[in-house]
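Chains as they are written, first to last, in this note's numbering: chain A, 107 to 414; chain B, 14 to 433; chain C, 77 to 352.
These notes are about the structure you will find just below.
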Amino acid sequence: MVRLLERRVLHVRRGAKSAPLFIFWMILPVILIVSIFTFYPTINGIILSFENYSVFNFANIHFVGLKNFKKILVDPLFWTALWNTLWWIVLSVAFQFVLGFGLALLMREPFKGRGIYAGFVFYPWALSGFAIGILWSWLLNGQFGFINDILVKLRIVSQSINFLSDPSWAFFSVILVNVWYGIPFFAIMLLAALQSIPEELYESAQIDGAGTFSRFFHVTVPYVSSTIFATLLLRVIWVMNFPDVIYGMTRGGPGGTTNILATYMINIVYYKNDYSLASAVGVFIITILMVYSIFYLQFTSKHGSGEF
Amino acid sequence: MKKILLLTVFLLVAVFAFSSSKIVLNMVQVFTSPSRTEVLQNIINQFEALHPNVQINLISPPYSTAYQKIYLMLSTNQPLDIVEVGDWSLEGVVELGKLVDLRPYIATWDASNDIVPGLMKAVSVTGGIPYIIPNGVYAKALFYRPDILVKYGITTPPKTMDELYSDCLKITDPKKNQYGFDFRGTGLPTNFIDIIITSYINDIDPNNMYKLTNGQLWFKDPRTLEGLKKYIDFYKYTAPKDSINWGFDEQVNAFVAGTTPFLFQDPDTTGLLKTMLKPDQWMTAPLPVGPSGKVYPSYGFGGWGITTYSKNKDMAWEFIKFFTTPKISAYFCKDYGALPVLKSVYESDPYFSQGVFKAWQYMFEHPETYVFTSYPLNNKKWTEWNEFQQDTMQQVLLGNMTPQEALNKWYDFWKDAFSM
Amino acid sequence: MRKSRKYKILRAIMLSIYLIAAIIPIYWIILTSFKVPSELYAYPIIYFPKVLTLSNYSYLFSFAHFSIYFKNSLLLSAISSIISTLLSIFSGYALARYSFKLKGFVIGLLFFSQMIPAYLLMVPQYSMFSNLGLINSLTALGILYVNIAAAFSTIMARGFFVRIPRSLEEAAMIDGCSRIGALFRITVPLAMPGIAAIFSFSFINDWNELFTAALFLNSDDRYTIPVALYSFISKAGIQWGVLSAGLVVALIPTIIIFAFMQKFIISGLTQGALKE
């Protein structure tokens, strides 16, 4: 197969001169697919946000300018959701990252049954977000939830906690579940990256008299930094667009306390049947993420975390 | 011999030609569950047996994605002949302009006068035009747990809202994890809120749940505030705090666990309850009446419509007619847990006037007390209202909003929605 | 590196904490999947059911045609994720090894593709596939899955390739290997932990994808597992027993993949080191 590719795709063997063509063919398939199936529909989606596409005026769809955007900006629910989104991202990703990195470090060196251990500790990532949402809403139920039952039985609490109905708990609970779900992502990615650190680096650091912490910050972190920065960036983007867990648990309630932009957008689709309005929220989401990414990339490249 | 051979060949060719010219109907259901899919498939098989040249493909999208799928399919003219639509989304689907006005079909349909009186009017949501033929009716009744209640000396179900409330109070004891009312705070509790509030008002317009007979909205009526306060009391004093986040599933869970032995629900709950409780553990009763001496339940319904771009409208109509025959209708409703749409089914099948169905029968027979009232389903803001009401209601239950503030918001919402 | 006994004990404790936190929900799912309906919602909660039943599982496979969905999901996920992983090896490698004018732009585009909310794409993607006559096609869904995974996989693959010293490939190329030969003989084996991770992520994403599948597939015999599982959540409540059984069955391939991938993560390095 390799031979075939050499002949078919590359025409030329070796020689740096052929690089442009080589690069072109290597990158083309991905760019082509993403352009056709993501970017082209995205452009249509953005156009939609300037129209009045809802089921109620299907026969009369036309351009309405910034009307949808104005409508959203005066909606107090939008602002609550925006603020919640910020906390949702910061807290979820921070804990996912720290705990995931921790797990990766713990699993770095072999131990008996590591394969099976990996299967059981990573499986949350293998469940669908919505399944996790409804499952946890059952587990965290304040009346007959499994978690509360255990907590009471072990006398950790004297009375059931209303994890999902008490506004001061609800947001905490959805974040907790999101963290639970996201730990394996960081753990797997960082574990894979950690495995590629040459042992000699540690040995030489040890000879230089570096302690555990110093080794961690001077050998481990720099070595996996490109993975860290890429996964952090991706994770923030994904978590922002990840309504599944919240939707399965609280649908944004009670009283909008767990509403984020992504759930706010879904509710517009489901209850207002207004695709243009929902698309306008989508445009806001994309804008926020772009601004964030630009700052993030500037920051990381300035701080010499290497290219990624 | 030769002749026979020729004849066989001819027949075979004919069969092939025939089978290749099969009429294919695509049909989508909304309220999908695996058992419902099986019931529908059985009905389809029976129909196909009667019409060998017809093949019906049943599309069963998961319930919560079903309408988005139907909107997308209809708006892009995907192959679809028969579409199921439920009450709350009917206006939206009709507004897409892809459903056929069924009046010409009904006009030539003898059995149409067998449909329960008033039902065709109830399903003619948009401009009074019937776009669907109902396949099942849903209405709330009071489900209760005699086995739990008898422990507290309650042997008959409450007849009024006040009795219900005092029964609930009597048995509520958080220490024992015993509560009264199976409250619903999420998953669109519109019916639950309105049943209790409106029971305080004796002049609701039967054509519009949110108006009085004099045409005014009732949100500013003092009786409304009283009703809303009672509803809040049900939550505060007789229901678990957690129930602000309860939808259908949690309600069933709490009912089966016995935590909350009083539940307002539709007949399709019976299917699930049958698998989880013994027959003597649960029963139904008519909805309790309010201080007004009345209560205002509403008809929920689902039904079949035909797409405008269908190439086989007549065959689609054939199927709908077949579905609405007494035998099929009774089978569907029994198995799925809906109330039948045909008068003759109630008359001929004792199943629907006995046992748990007696409660509904009683309510239908006393229309002066149980005033079946229509929701403004043709209003474009209807589904938005469901979400808005749920959200504001939660704010009130959390104490972030006073009941009066909520009523003012609701008044403004409908004033605007009705452009009054 | 030798570690002290104290470290090992501490590590064992920490690993156990992670395991317990992860395992509680799966314990509950498994327990529920073996319960009879009357015990599902019983209160006080039944932790050790008197009767264990397999009826949920038999319902799943006999009544609910789960074996068909399983086959669909397996083929769809495996093929899509193999394709997207392969494509990402090419593009990730090119982006890691070469610098060219539009590189920053290409990487930016790939990140950008991750920012787009699924609901923004719903109507346009559906219209597009409808115009192409590709509704109700598993192949079309597979293309969409490759599309979803390709950008992310490329970004990750690039991250892994960047860390592998260029000198190894150059040595191989001097020995007569072509560029792509060097990629597959030297770089890919070295990056195997990362590639295994990329493949499993794509596989799991595809395996769990619900939203697009529920919209794009019509026929029952083309449904995937998530669509089937989602059907147990109906207007009249959730069939927890069967749903749990379905979740357990759906988890089996993914747990195997994780265990398998973990092997790769370890062996990837040692193999690479041996070849040096």
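Glycine residues also receive a C-beta, built at the ideal position from the N, C-alpha and C atoms.
Beta-carbon separation (whole angstroms), residue i vs residue j, contact threshold 8 Å
i                      : j                      : result
residue 233 of chain C : residue 168 of chain C : 3 Å
residue 262 of chain C : residue 245 of chain C : 5 Å
residue 329 of chain B : residue 155 of chain B : Actually they do not touch by this definition, with Cβ atoms about 39 Å apart.
residue 148 of chain B : residue 199 of chain B : Actually they are not in contact, since the Cβ atoms of residue 148 of chain B and residue 199 of chain B sit about 28 Å apart, beyond 8 Å.
residue 255 of chain B : residue 248 of chain A : 3 Å
residue 223 of chain A : residue 102 of chain C : Not a contact, Cβ separation roughly 14 Å.
Cβ of residue i within 8 Å of any chain B Cβ
i                      : result
residue 297 of chain C : no
residue 350 of chain C : Because residue 350 of chain C sits at a pLDDT of 34, beneath the cut-off of 50, its placement in the model cannot be relied upon, and the following sentence gives the value as read from the coordinates. Cβ-Cβ to chain B under 8 Å: no for residue 350 of chain C.
residue 77 of chain C  : Note that residue 77 of chain C scores 49 on pLDDT, short of 50, meaning its location in the model is unreliable and no value can be drawn from it.
residue 51 of chain A  : The requested residue 51 of chain A is not part of the displayed model; chain A covers only 107 to 414.
residue 280 of chain A : no
residue 118 of chain C : yes
residue 314 of chain C : yes
residue 140 of chain C : yes
residue 127 of chain C : no
residue 158 of chain A : no
Proximity test, Cβ basis, 8 Å: residue i and chain C
i                      : result
residue 286 of chain A : yes
residue 220 of chain A : yes
residue 234 of chain A : yes
residue 123 of chain A : No answer about residue 123 of chain A holds up, because its pLDDT of 45 lies below 50 and its placement is not dependable.
residue 133 of chain B : no
residue 73 of chain B  : yes
Residue i at chain A interface by Cβ criterion, 8 Å
i                      : result
residue 265 of chain C : no
residue 255 of chain B : yes
residue 109 of chain B : yes
residue 81 of chain C  : no
residue 145 of chain C : no
residue 327 of chain C : yes
residue 419 of chain B : no
residue 347 of chain C : Summary for residue 347 of chain C: the model assigns pLDDT 40, below 50, so the residue's position carries little reliability; its value from the coordinates is reported in the next sentence. It does not; no Cβ of chain A falls within 8 Å.
residue 152 of chain B : no
residue 289 of chain C : no
residue 242 of chain C : no
residue 411 of chain B : yes
residue 97 of chain B  : no
residue 280 of chain C : yes
Limits of the unbroken beta strand (DSSP E) element including residue i
i                      : result
residue 42 of chain B  : Neither: residue 42 of chain B is in no beta strand (DSSP E) and is coded neither H nor E.
residue 317 of chain B : 313-319
residue 396 of chain B : It is not in any beta strand (DSSP E) - residue 396 of chain B instead sits in the alpha helix (DSSP H) that spans 395-411.
residue 70 of chain B  : 67-72
residue 146 of chain C : Note, residue 146 of chain C: premise wrong, no beta strand (DSSP E); alpha helix (DSSP H) at 142-173.
residue 168 of chain B : No beta strand (DSSP E) contains residue 168 of chain B, which DSSP labels as neither H nor E.
residue 248 of chain B : Here residue 248 of chain B belongs to no beta strand (DSSP E); instead the alpha helix (DSSP H) covers 235-251.
residue 147 of chain B : 146-151
residue 301 of chain A : It is not in any beta strand (DSSP E) - residue 301 of chain A instead sits in the alpha helix (DSSP H) that spans 273-301.
residue 157 of chain B : 154-157
Residue i - partner residues in DSSP beta bridges
i                      : result
residue 224 of chain B : B:230
residue 380 of chain A : A:160
residue 186 of chain B : B:191
residue 141 of chain A : DSSP lists no partner for residue 141 of chain A.
residue 218 of chain B : B:221
residue 337 of chain A : In DSSP, residue 337 of chain A forms no bridge with anything.
residue 169 of chain A : A:157
Unbroken alpha helix (DSSP H) run spanning residue i, endpoints
i                      : result
residue 421 of chain B : 416-430
residue 325 of chain B : First-last for residue 325 of chain B: undefined, no H or E at that position.
residue 302 of chain C : 301-306
residue 355 of chain A : 350-355
Discussion item. My parser needs the beta strand (DSSP E) runs of 3 or more residues fully inside the stretch 181-219 of chain C; what are they?
Written reply: none
Item to complete: Report the residue ranges of all alpha helix (DSSP H) runs contained in full by the stretch 71-140 of chain B; include only those spanning at least 4 residues, in chain order.
Response: 76-88, 103-108, 116-120 and 132-136
Item to complete: Within the stretch 172-219 of chain A, note down every full beta strand (DSSP E) run reaching 3 residues or more, in order along the chain.
Response: none
Worksheet item: In the stretch 273-331 of chain C, which residue ranges form an unbroken alpha helix (DSSP H) of at least 4 residues, counting only runs that do not cross its ends?
Response: 287-292 and 301-306
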